[in-house]
């Protein structure tokens, strides 16, 4: 396959309906796994639920240097309520643009990684090697990568490339994420006699007021800035003439390096009030590699001619599976680098530049060659 075949493979991956929910990544995962086996990789499949399939593929002999990990997800977000002007699963093209759900986020990145791995496969056997981790269920909280990280299946890796959409700009991390529901209990009564009840919505609203001015007591990160908190949902009450006995809020916290999650959660519990019941939906640490790391510096140099400028330290605005994978690969330098356009992610008529897809194959090949000394 040539670099141009990354376009064809992107179109093929887009044709698999892996909209999450429900996901159903198995068919796409099996196709990807079959290709990798054909190219000489050892392939394993992992399902945390029926048909929610992730792929781990390896090629290379571990020596004194650990393998390089290339990772991406194969699920995509729902189509949304706005009508598409193109078939979201057909991979239609118009000029430089390739259209379809998942083109930018992030089946183009997966396809480019696969083609790069394929082109160097015959030379990988006697090198530190490559491990590809292609996950299900990333779009609903990095669920599958969390399951993989809790099992002894990931092995080891010395550095990580995450193929999320960055327009081929190498980014050195992203904020962490804590998402939770806080439930407040009260006592129901007739709305005409509120003194006989306990209003759970009042409890929730008082907690929200405190959260609005929550002090993280954390210094801003030089690249990521300050941690943030947003109350995104509120629900409660069964009728306007009832004192509500239950209310729930949904909170999204984004953290930066240096913020310790366990201590932060304890402070949030105190802030919400001891009678608040917390249901933690997501607890993923930030990802950060010092931009002066030797490997990151080489990745920057590899990307420089393609970008037309020297990269500087930037971080992605979104979460990635790296937050989970690095629980198994502590300290592995990580870059987020893929052909997709982050501004196209989750959009109606999502598209990706075909030239950037071809470009990303060259970039991934160069990173593999550099790491594996090929």
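In the numbering used here, the protein residues as written are 32 to 405.
The beta carbon of each residue, even a glycine, is placed where N, CA and C say it ideally should be.
{"query": "Mind checking who residue 125 pairs with in its DSSP beta bridge?", "result": "128"}
{"query": "Let me know the beta strand (DSSP E) ranges lying completely inside the region 255-320, each 3 residues or longer, listed in chain order.", "result": "259-267, 277-286, 308-315"}
{"query": "Determine the direct distance from the alpha carbon of residue 399 to that of residue 142, and round the result to whole angstroms.", "result": "15 Å"}
{"query": "From this set, 95, 277, 315, 270, which residue's C-alpha is nearest residue 292's C-alpha?", "result": "315"}
{"query": "Given a threshold of 16 other Cβ atoms within 10 Å of its Cβ, counted over all protein chains shown, does residue 42 qualify as buried or as exposed?", "result": "buried"}
{"query": "Tell me the residue span of the alpha helix (DSSP H) that contains residue 72.", "result": "Note, residue 72: premise wrong, no alpha helix (DSSP H); not H, not E."}
{"query": "Kindly indicate the opening and closing residues of the beta strand (DSSP E) around residue 173.", "result": "First-last for residue 173: undefined, no H or E at that position."}
{"query": "Can residue 67 and residue 86 be called in contact, C-beta distance under 9 Å?", "result": "yes"}
{"query": "Of all the alpha helix (DSSP H) runs that stay within the bounds of the region 152-216, which reach a length of 4 or more residues?", "result": "174-180"}
{"query": "Flag this pair as touching only if the region 181-194 and the region 252-262 have three or more C-beta atom pairs under 8 Å; answer yes or no.", "result": "no"}
{"query": "Tell me, which residues are paired with residue 327 by DSSP?", "result": "In the DSSP output, where bridge partners are listed per residue, residue 327 has none listed."}
{"query": "What is the DSSP secondary structure of residue 376, reduced to helix, strand or coil?", "result": "coil"}
{"query": "Going by other Cβ atoms of all chains shown within 10 Å of its Cβ, with 16 needed for buried, is residue 150 buried or exposed?", "result": "buried"}
{"query": "Based on Cα-Cα distance, which residue from 271, 381, 164, 96 lies nearest to residue 402?", "result": "96"}
{"query": "Since residue 101 is in the beta strand (DSSP E), which residue starts that stretch and which ends it?", "result": "99-104"}
{"query": "Bridge partners for residue 80 per DSSP, in chain order?", "result": "83"}
{"query": "Give me the Cα-Cα distance between residue 385 and residue 37, rounded to the nearest whole angstrom.", "result": "9 Å"}
{"query": "Assuming contact is defined by CB atoms lying nearer than 9 Å, are residue 327 and residue 366 in contact in what I supplied?", "result": "yes"}
{"query": "Could you work out which residue in 197, 125, 396 is closest to residue 371 when comparing CA atoms only?", "result": "197"}
{"query": "Does residue 88 come out as helix, strand or coil in the three-state DSSP assignment?", "result": "strand"}
{"query": "Three Cβ pairs or more, each shorter than 8 Å: is that satisfied between the region 273-282 and the region 207-214?", "result": "yes"}
{"query": "Kindly indicate which three-state DSSP category residue 384 falls into: helix, strand or coil?", "result": "strand"}
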